[in-house]
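Letter by letter, the sequence shown follows residues 1126 to 1468 of my numbering.
Glycine residues also receive a C-beta, built at the ideal position from the N, C-alpha and C atoms.
It should be emphasised that the depicted structure is a prediction, and the values quoted were computed from it without experimental measurement.
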Amino acid sequence: MTVDADSKFADMDEVVDRELSRAAKVAAEEVLAVKKDEAALIITNPETNVYSISKAMYDAILDCGGKPTIMLQPFKTQLDYADKNVIGAIKANPDICISLSAEKLGKDEAAIKDHYKAGEQEYDHIFDYLFREKKMRAFWSPSVTAGMFKKTVPIDYPRLRRECEDIKAILDRAVSVRVTSDKGTDVVLGLLGREAQSDDGDFRAPGQGGNLPAGEVYISPELGNSNGTIAFDGSISLPVGDLVIKDPIIATVKDNYVTDLSGGEEASELEEALTSGRDSALEMVSQGKLDPAEGDEYAKNSRNLGELGIGLNRKAEIVGNMLDANDSREIQGRDREDDNGKR
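Given below as structure tokens:
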């Protein structure tokens, strides 16, 4: 077999997953709208699901006339740093950056200590800087499986975008929102002055991007004005992995912060994760990687209520993965008001 610059994984693999190839084609053509000679960086791990999707995306981007590159790094959790070579590759500023990680892309160690600045805005990750400043477009798929990708990526994107636009308009006008459920959720989130974000699968221009599978409208509550009880009863993403919740996790929220957790084993694991996030920030202060004031902010925000998300992907269902839970309400915590927790 002859190998050249246009060779694809499909030319070499004995068995080609046609459904996965089709989903990747939809992602490249309808979601990203890859153009001729555009550089696309795909960051992944040596894990069967994300690596197989990465290979399919490589081929699909090549078919669009793009110039894809796949880069592998070891498995990373939300507490780990991305490899320095990965950070360096992102710094090269590709037109498209895709994070197909078995868990997370990883933090930017240097940028956490010395932020990127653009006017009054500061960023603690090179990915966020290039993405938010509209220097590249992107999608991220933490913990995605091949089955999930095949099922939830080839969807009706014009319809999804219309529905996301309608929900976003409602949230943008809202002063507050009350969320209730028969499992015990009854929480009021202040939204005054906040603007919703739409993960509608339209990642065709610099500065556009989000989860893939797509299908969510999400909003960060106003500071200090969310109170009530949240019963998490679907799935939850933790450093140990994504879990289907057996016994509802009951969280008490006061002035935007989780003050108490109760429930079964999953509640204990969530408490451990929140404590670990706090301790990680304080350790970075002791190591000189964060100044004390910023370290205190990170530590405090480990218990901050960061986001209300409304899932709209009609092909999604509740499983042990947050990406495939995008057909339901989602209330999550974030260290900061950006997409760090997602990618």
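- In this structure E1391 is buried. Its beta-carbon is surrounded by 16 or more other beta-carbon atoms within 10 angstroms.
- Here DSSP, grouped into helix, strand and coil, assigns K1379 to strand.
- The closest CA to that of G1388, considering only A1227, V1378, P1373 and E1394, is found on P1373.
- In the same chain as F1252, and ignoring 5 residues on each side of it, the C-beta atoms closer than 8 Å to its own belong to I1215, C1222, S1224, L1230, D1233, A1263 and R1468, in chain order.
- If you keep only unbroken beta strand (DSSP E) runs of at least 3 residues inside the stretch 1218-1251, you get 1221-1225, 1241-1243 and 1246-1248.
- A contact is defined here as three or more CB-CB pairs under 8 Å, and the stretch 1267-1274 meets this definition with respect to the stretch 1172-1183.
- Taking a cut-off of 8 Å on C-beta distances, the stretch 1304-1312 touches the stretch 1354-1370, as three or more cross pairs fall below it.
- Pairing E1347 with E1245, the inter-Cα distance amounts to about 20 Å.
- Around the CB of R1428, 16 or more other CB atoms lie within 10 Å, so the residue is classed as buried.
- The C-beta of E1397 has fewer than 16 other C-beta atoms within 10 Å across all chains shown, which makes the residue exposed.
- By the criterion of a C-beta distance shorter than 6 Å, A1243 is surrounded in its chain by E1258, once the five residues flanking it on both sides are discounted.
- Counting of Cβ neighbours within 10 angstroms places A1294 among the exposed residues, the total staying below 16.
- For secondary structure counted as the beta strand (DSSP E) over 3 or more consecutive residues, the stretch 1360-1429 holds these complete runs in sequence order: 1360-1363, 1366-1369, 1374-1379 and 1382-1387.
- By a beta-carbon distance limit of 8 Å, L1337 does not contact S1226. Their separation comes to about 12 Å.
- F1328 is a Cβ neighbour of G1335, given a cutoff of 8 Å.
- Under the three-state reduction of DSSP, A1441 is assigned to coil, being neither helix nor strand.
- Just so you know, the alpha carbons of G1315 and A1299 end up roughly 9 Å apart.
- In the DSSP assignment, L1166 is bridged to T1194 and C1222.
- The stretch 1200-1212 makes no contact with the stretch 1179-1190, as fewer than three CB pairs between them are under 8 Å.
- The Cβ atoms of V1313 and N1352 lie closer than 8 Å to each other.
- Shown here for C1289: same chain residues with a beta carbon closer than 7 Å to its own, the five before and five after excluded, namely S1323, D1325, V1342 and L1437 in chain order.
- A distance below 6 Å between beta-carbons, with the five flanking residues on each side excluded, links V1159 to the following residues of its chain, in chain order: A1153, I1186, C1189 and G1191.
- Excluding five sequence positions before and after I1280, the CB atoms of its chain that fall closer than 6 Å to its own CB belong to K1440, given in chain order.
- In the three-state reduction of the DSSP assignment, A1181 falls in the helix class.
- Per the coordinates, the alpha-carbon of D1142 lies some 29 Å from the alpha-carbon of I1361.
- Within its own chain, the residues whose Cβ lies closer than 6 Å to the Cβ of G1332, once the five positions on either side in sequence are excluded, are K1259, listed in chain order.
- With contacts defined by Cβ atoms closer than 8 Å, F1256 and D1184 do not form a contacting pair.
- Beyond the five residues adjoining it in sequence on each side, D1385 comes within less than 6 Å, by CB distance, of T1377 in the same chain, given in chain order.
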